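Written out below as structure tokens is the structure these notes cover.
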Amino acid sequence: MLAGLAAGLVLGLAASWAAGGAGWVEAVTTYVTGPLGQIFLRLLFMLVIPLLFAALVTGVTEMGDLASLKRVGLRTLLFTAVLSTLSVVIALLLVNLIRPGDGVDPATAKAMLESAREGAGAILGKSQGSPSGMESALAIIPSNVVRAAADDDILAVMVFALAFGIGMVVAPEDKVVVLKGAVEGLLEVTLTLIGFVIRLAPIAVFCFMFNLTAEFGADVLVRLGAFVGTVIGALAIQMVVVYPIGVWLFAGRGPVGFFRGVQSPMLMAFSTASSNATLPAALSAAETELKLPRKIARFVLTIGATANQNGTAMFEGVAVIFLAQFFGVELSLAQQGSVMLVCILGGIGTAGVPAGSLPVVAIILASVGVPPVAIGLILGVDRFLDMCRTMLNVTGDLAIATMVAGRGDPKEKTA
């Protein structure tokens, strides 16, 4: 991806500075780089609905028997919801304060936006736009989930997946065991296919960056740097402020001792960019370094690898608002609230694998009127940011496990 980013930037800048080269640049973007980028986006959209549905249902069903878990399960859900909400609020406040997407030529941005919207309409099969007010609130609950999926109504599909997962948890286990296996199989197949699609990402990154730099010139580099800085800043606030306060308040642990105990899984998460791959190291650190009860550590960390993705939620929120700012699309408070809710739920429905959030970002962009092709601007730096946000995700899992154990019964601490 970095090679594609570099090549696209260099050739795009050369095309932007070349005198009298507008004709051939337009031909290349129209007939070569544009269609190749569209193919990548179409493949992502083809898989995003089954991915979100299967990942969200699997994340809920992994909670097990809610009745028997009682306070442990409720505390885990509560802390996960609170930390996820705080992470997205921090991200949206920071991106609106810094406004990293501002500064490009408005006329060029508008012209490219309209051109990209035409391509997005061809992909989605519908016009862009977002309902507002009471209509938007009611649309969260789908009257027809099949139609909601066909319309790429991501929030409605997520609500249905949550309800479906809860239904599977409370239903008799012997009646849903086959269905649970089928949903897990769907998730595995979808992840495998997305793995194949992601292999095309370097080509897509080259095409997207060539198109953008040919249009905007060096302004793209400045805006991209501001975006990376905003994401890192939001992740840092969650890491060094929110997590230590939560661990101290609910578990009575100091931040130095906590971070010393979780440094090994943090480093592994950063290097692999995969919450799932880091799970064994996180379990080991929770039991040997943090001295957490095995029952609580295994329950919370297993769920957290899929359901607690604070860093991913923050990245998605910053990315969507940044790209809206870049292309001059002003989002109302209601629309930003909708983005926040989708990002919180997306933290549950995002797969714990490298680049697992990219399909979610693409479809959120479409829901707020920003063409999914805009994702090309951030693809080149996604790998580094993926490593950073995965480290935050894993640290958040361990923080929640510590908070749950710290507020548990004495018997739980010695189990």
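All residue numbers for the sequence shown refer to this note's numbering, where the first residue is 211 and numbers rise by one. Using N, Cα and C, we set each Cβ at its ideal position, and we do this for glycine too. Values in this document were obtained by computation on a predicted structure and should not be read as measured data.
- For Pro503, the three-state secondary structure derived from DSSP is coil.
- If you compare the alpha carbons of Arg433, Gly616, Val367 and Asp361 with that of Val267, the shortest gap goes to Val367.
- DSSP places Leu410 outside both helix and strand once states are collapsed to three, so it counts as coil.
- Closest in C-alpha terms to Met419, from the list Met601, Ala611, Ile585 and Leu595, comes Ile585.
- Around the beta carbon of Pro582, a 10 Å sphere encloses 16 or more other beta carbons of the protein chains shown; the residue is thus reported as buried.
- Residues Met550 of the same chain have their beta carbon placed closer than 8 Å to that of Val299, with the five preceding and five following residues left out of the count.
- Take the alpha-carbon of Phe468 and the one of Gly439: they are about 26 Å apart.
- The C-alpha of Ala392 lies about 33 Å from the C-alpha of Met476.
- Looking from the CA of Ile574, the closest CA among Arg593, Leu502 and Leu541 belongs to Leu541.
- Taking C-beta atoms as the reference points, Leu396 and Ala264 count as a pair closer than 8 Å.
- Counting only runs that start and end inside the region 457-533, the alpha helix (DSSP H) elements of at least 4 residues fall at 465-471, 473-482, 485-498 and 504-517.
- A Cβ-Cβ contact shorter than 8 Å links Leu602 with Gln448.
- Distance check between Val604 and each of Met478, Arg593, Gln545 and Glu526 places Met478 closest, using alpha-carbon atoms only.
- Ranked by Cα distance from Asp363, the first of Arg252, Leu348 and Gly377 is Leu348.
- Listed in chain order, the non-local C-beta contacts of Leu246 below 8 Å within the same chain comprise Ile413, Ala414 and Cys417, local neighbours out to five positions each way being set aside.
- For Ala291 and Gly606, the gap between their C-alpha atoms comes out near 12 Å.
- Considering only Leu410, Phe289, Gly443 and Gly521, the residue with the shortest C-alpha distance to Ile308 is Gly443.
- By the neighbour-count definition (other C-beta atoms within 10 Å, threshold 16), Pro316 is an exposed residue.
- DSSP places Asn421 within a helical segment (H, G or I) once states are collapsed to three.
- Per DSSP, Met211 lies in no alpha helix (DSSP H) segment and is marked neither H nor E.
- Around the Cβ of Ser577, a 10 Å sphere holds 16 or more other Cβ atoms; the residue is buried.
- Contact between the region 502-513 and the region 526-537 is not established, with fewer than three Cβ pairs separated by less than 8 Å.
- Ile259 is classed as buried because its beta carbon has at least 16 other beta carbons within 10 Å across all chains shown.
- Apart from the 5 residues on each side of it in sequence, Ala358 sits with its Cβ closer than 8 Å to the Cβ of Pro352, Ala366, Val367 and Phe370 in its chain, given in chain order.
- Contact between Val407 and Leu253 holds: their C-beta atoms lie close to 5 Å from each other, under 8 Å.
- Within the region 233-305, the runs of alpha helix (DSSP H) at least 4 residues long that lie entirely inside it are, in chain order, 244-271.
- Secondary structure at Pro352: coil, using DSSP grouped into helix, strand and coil.
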